[in-house]
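Numbering (the working numbering), first residue to last: 208 to 905.
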C-alpha cells in the first residue's frame, strides 16, 4: 500500500547529460589536436603528440560505454526514456569511436615511433608531416565530435516516437557534414606539402564566417519557430492532425462527404436530458476582493462571492440544472464538471463544447448525476488564470440510498492563491488552523480536493484512517493507514474516513504546515502536525475486485503518449515548452476512436515535473504503474498524476461520444502546450477558439 522507492529520474537524466557533455567536449578537443598534429614544429614533438593522442583516443573511447550505461539506466524506466539514445545518440558516437580505435590509433602509434630520417636530430622539422595530415588520423575523431554534438542536442530537443524521421534527419545531417569535412581533409596535402593553418586575418575571417554560419542557422531556426508558434486568431481545436493508434484504421472520410457511411454529428446533440430537474443551482461569477483567515487579501473572481464556490450536493440519479450567470466586469467564463462523465455538450470547455459566457450573459447546464463521490467544478475559459483566482467549488454526489446516519463530513479544497503576500496555500480559503468540535465515536469523512496545479502532500495525525474513495471511485476493502503521507495530484480527490477518538486529530497540507484542520471533542486542544511517513500508493491499496476489462483484455486501439519538455516558442513567446509526443497544442494529433472500442493508453513522463493528466468525459482503469501491475482495489481515475520518470498503462471504454479535452491539470502547463483531444469518429464541433473568438480554454 506504500509507494516503492525508485531511483530519481532527474539524477539519472543529469548523469547522462553530463556524460554526453563531457564526451562532446573531450572529443572536440582531441579532434582539434589531431587536426593540428601535422604542424608540430619538430619531429620529436610530433612523435610525443602522436603517442599522447593515441592514449587520449583510447581513454576517450571509454566515454562511449559510459554513455551506453547511462542510457541503459534510463531504459530501466521504460523504452521511451532511452529509445532516442540507444537508436540514434549512442550509435552516432560509437561507430566513429570504433573507427578511431581501428584506424586512427594504429596510425598514431606508427607516427610515434622514431624514424631513421629524424633520429639523428631530434629538433629537426618532421620529415613527412603529410602522414600526420592523412584523413585516417583526424577524420574519425572529428566524426566523433560531430556525432557527439548531435547526440547532445538531442537531449535538449528529445525526439518523440516514432523515431524513423528523427533518425533519418540525424544520420543524414551527420553524413552531409562529414562529407564536407572529408573533402577538406582530402585537400590538406598537395604535392606532399601540408597546407598551413590560417593565421592572422585569414584565421579571423574563418572564425567570423563559421560564427556567422552558426548564428544564421540558429537564428533561422529560432525565427522559424517563433513565427510558426503563433496561434491563429480563429481556429478549431479539432483541426489538428489525427492519430488512430494501433488498431483498425480510420473509416473512409471521403464517403462521409457523399452522405455515405458514418454521418457527421455536431456535439451540440449530446446534451443533458429534458424534464423537470430534481436540483437547481445558480452560480454567479463576480469580481471580488476576499480576505483569507489570516487577513491576507486575494484579488479574486468567485462564484457567489465565496472561495471555494458553494458546495453543490446532489443524490445519485438526480437530474441537475445549473445556471451560470456572469456578472464580472470583463471576464468571459464557463463551468466544467471535473470528474463527471456528463454529455459532451455539457462539459463546459470554451471553444470546444460551447462559447464562453460573456459578462452579462448566462448559460444553463443539465446533466444526470449517475456517479457517486467527491468531484469539483471550475472554469474552463482561460482556466490557468481563472481557477487560480478562485473560480472553483466542490461537488458531492451522495448515493441514491442514504448511508448510515450521524456521519460528520468535511469537504476540504486545497488551493494556492496569489495574494498581497505572495503565493499562499489554503484549505477552504483558510491559511490558518481551523478548529472544529467532533464528539468521540463519531464517524468522520473528509472529502479532500486538490484544486491546485501541483501535487500536494497531506498527513492525518492522531488516528488510524482509511482511504475509502479515490477520484470519487470507492476503494474495495480499504485497510487502516498509520502516519502515512498522502500525495494528491492537481485535480485529484481522496475520501478519508475514521472514527473520532477522544484526542485531537489534525489534517495538514505539508505546503502550509501552520494551516490545517484540527478536530477535537471540544474544538480546542493542540496536536503537532505529522510531517513525514511512508507514501501512500493507491495502486497497491485495498483488495482486487472484478472489472469489465483488464491487462489481459483485447484492446481495439492503443496509444503511446510521451510527455516531455524542451526550449522553444509558444504563441510568439519564449518558454520551456511542455510537449505531448513532441508537439504542443493545438498541433498535438487528436486521438481518434470509435464508439464502443476498448482503448489502452500508455503515458511516459520524460520531463522534470509531474503532470496530472485529465481526460474529460471518461474514467480510466489503471492497469500498471512503472511496469508493475496494479494489485490493489480497481483504481478508476479521471486525473492520473504521472511523476517525472514514471509510466502508466491505462484503459477505458469509449462509451461517451463527443470531442473531449485530454490535458495536464497543471493548468499552466496546459496553457503552454500540454493539451490534446480525444475524438470520436463522425463528431464535429461548431465552436471556434482563438483571440478573435473570445474562447480561450486554457
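The C-beta atom is built at its ideal place from N, Cα and C for all residues, glycine as well.
Along the chain, where does the alpha helix (DSSP H) containing residue i start, and where does it finish?
i: residue 234; result: 216 to 243
i: residue 362; result: 342 to 363
i: residue 282; result: 270 to 282
i: residue 645; result: Taken as a continuous stretch (DSSP letters only), residue 645 belongs to no alpha helix (DSSP H), as it is neither H nor E.
i: residue 595; result: 590 to 596
Taking DSSP's pairing of strands, which residues face residue i in a bridge?
i: residue 856; result: 809, 831
i: residue 783; result: 774
i: residue 604; result: 521, 580
i: residue 528; result: 487, 573
i: residue 680; result: 677
i: residue 651; result: 615, 705
i: residue 494; result: 508
i: residue 821; result: 846, 870
i: residue 800; result: 887
Helix, strand or coil for residue i per DSSP?
i: residue 905; result: coil
i: residue 870; result: strand
i: residue 471; result: coil
i: residue 900; result: coil
i: residue 756; result: coil
i: residue 790; result: strand
i: residue 885; result: strand
i: residue 795; result: coil
i: residue 388; result: helix
i: residue 656; result: strand
i: residue 723; result: strand
i: residue 741; result: coil
i: residue 295; result: helix
i: residue 921; result: Past the edges of the chain, shown from 208 to 905, lies residue 921, and the structure says nothing about it.
i: residue 451; result: coil
i: residue 698; result: coil
i: residue 765; result: strand
i: residue 459; result: Note that residue 459 scores a pLDDT of 44, beneath 50, so its modelled location is shaky and nothing firm can be said.
i: residue 303; result: helix
i: residue 551; result: helix
i: residue 826; result: coil
i: residue 253; result: helix
i: residue 906; result: Summary: the structure shown does not reach residue 906, with the chain confined to residues 208 through 905, and so no result is reported for it.
i: residue 844; result: strand
i: residue 640; result: strand
i: residue 836; result: strand
i: residue 288; result: helix
i: residue 891; result: strand
i: residue 557; result: strand
Between residue i and residue j, how many whole angstroms is the CB-CB distance? I'm expecting something under 8 angstroms.
i: residue 666; j: residue 692; result: 6 angstroms
i: residue 673; j: residue 704; result: 5 angstroms
i: residue 359; j: residue 227; result: 5 angstroms
i: residue 231; j: residue 355; result: 4 angstroms
i: residue 486; j: residue 779; result: At roughly 45 angstroms, the Cβ-Cβ gap does not stay under 8 angstroms, so residue 486 and residue 779 are not in contact.
Return yes when the Cβ of residue j is within less than 9 angstroms of the Cβ of residue i, no when it is not.
i: residue 805; j: residue 832; result: no
i: residue 267; j: residue 237; result: yes
i: residue 195; j: residue 622; result: Only positions 208 to 905 of the chain appear in the structure, and residue 195 is not among them; the question remains open.
i: residue 598; j: residue 510; result: yes
i: residue 679; j: residue 819; result: no
i: residue 668; j: residue 717; result: no
i: residue 583; j: residue 600; result: yes
i: residue 288; j: residue 814; result: no
i: residue 578; j: residue 546; result: yes
i: residue 296; j: residue 362; result: yes
i: residue 339; j: residue 253; result: yes
i: residue 540; j: residue 492; result: yes
i: residue 270; j: residue 312; result: no
i: residue 707; j: residue 728; result: yes
i: residue 890; j: residue 471; result: yes
i: residue 480; j: residue 519; result: no
So residue i is in the beta strand (DSSP E); what residue range does that whole segment cover?
i: residue 477; result: No beta strand (DSSP E) contains residue 477, which DSSP labels as neither H nor E.
i: residue 623; result: 615 to 626
i: residue 632; result: 629 to 634
i: residue 909; result: No information on residue 909 is available, as it lies outside the stretch 208 to 905 that the chain covers here.
i: residue 713; result: 712 to 716
i: residue 312; result: It is not in any beta strand (DSSP E) - residue 312 instead sits in the alpha helix (DSSP H) that spans 312 to 319.
i: residue 544; result: 543 to 545
i: residue 676; result: 673 to 677
i: residue 910; result: This structure gives no information on residue 910, because the portion of the chain shown stretches from 208 to 905.
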